[in-house]
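Positions 45 to 246 (my numbering) are the ones given, in order, by the sequence shown.
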Amino acid sequence: MTRILGQLLSDRRAASAAEFALVLPLLLLLLFGIIDMGRFFWQLNESEKATQMGARMAVVTTPVSPDLVAASYIDGSTQSGDLIPAEALGTLTCDQDGCTCTVDPCPGGSGDVDADAFNVIVTRMAQMNPQITAADVKVSYSGSGFGYAGEADDTMDVQPLVTVSLKPITFSFISLLGLVDVNMPAASATLTAEDSSGTFSN
C-alpha cells in the first residue's frame, strides 16, 4: 500500500494538463481583453469620424433650423450687403425634437426643426457607425463673422459655425461577458457653413 501511494504521489504525467487548466482562464481573459481594447479604439475612431462627416454634411446641406434660414440681419446697424458680425448670432442648438437658443441672440423663436435635413446628417453619420441614432446627435449654429445681410430669399444671410455633437455611445466588454458597459467619450466637430442649401451634399 505504501509503495502504491508513493507511486501516485510521484506520478507527473498529468501535471502539464493540470497547470494548463489553471492558466487557461487567465490566458482567455488576457486574450479577450486585448480584443476588447482593439474594439474600443475602433469604435472610438468610428464615432469621431462619424462626427466629422456629420459636420461636413451639415455645412453643405439645408440647415436644420428653419428660423435660421428665414432670419434677416438687416437692422438699424446692418444694411443690405454689410458683413454680419459674429455677435449677431449667439448659439442655436437643435436635436430631433426642436431647436433652442442656448446663447442669445437667436433668430425666430418657433423652435422648429427640419426633420428631413436633420435625418440627412444622422444617416450619413450612421454609415460610419451604425450605433448612432437621431437621439444621439445635436447640431449647433453660432456666429462666425461670415455672411452678408440681405442675401437671396432661398439662402441664409449668415454663414455660421456649425458644430455636430455626438452623445457618449455605450460600449460593452466581451471579456466580461457583456456584464460591464462603459460610455465612450462624447465627440464633436465644427466647420464653417459653406453652401447651406439643398437636400443633398454638392
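Cβ atoms here follow ideal geometry from the backbone N, Cα and C, with glycine treated the same way. Predicted model only: the values in this text are computed from it and were never measured.
- Counting only residues of its own chain and dropping the five nearest sequence neighbours on each side, G142 has a CB closer than 8 angstroms to the CB of G155, D156 and V157.
- The distance from the Cβ of K211 to that of A233 is about 14 angstroms, inconsistent with a contact at the 8 angstroms cut-off.
- Counting C-beta pairs with one atom in each stretch, the region 86–102 and the region 143–151 have fewer than three that are closer than 8 angstroms, which means they do not touch.
- A161 places its beta carbon 8 angstroms or farther from that of Q203.
- By the C-beta density criterion, D119 is exposed, having fewer than 16 other C-beta atoms within 10 angstroms.
- A direct Cα-to-Cα measurement between L71 and I176 gives close to 33 angstroms.
- Ranking L235, I218 and L223 by CA distance to the CA of M81 puts I218 first.
- Between M228 and S124, the alpha-carbon positions lie close to 46 angstroms from each other.
- With at least 16 other beta carbons inside 10 angstroms of its own, M101 counts as buried.
- Inter-segment contact for the region 97–115 and the region 170–186 is present: three or more beta-carbon pairs are separated by less than 8 angstroms.
- Within the DSSP bridge table, the entry for A231 names L210 as partners.
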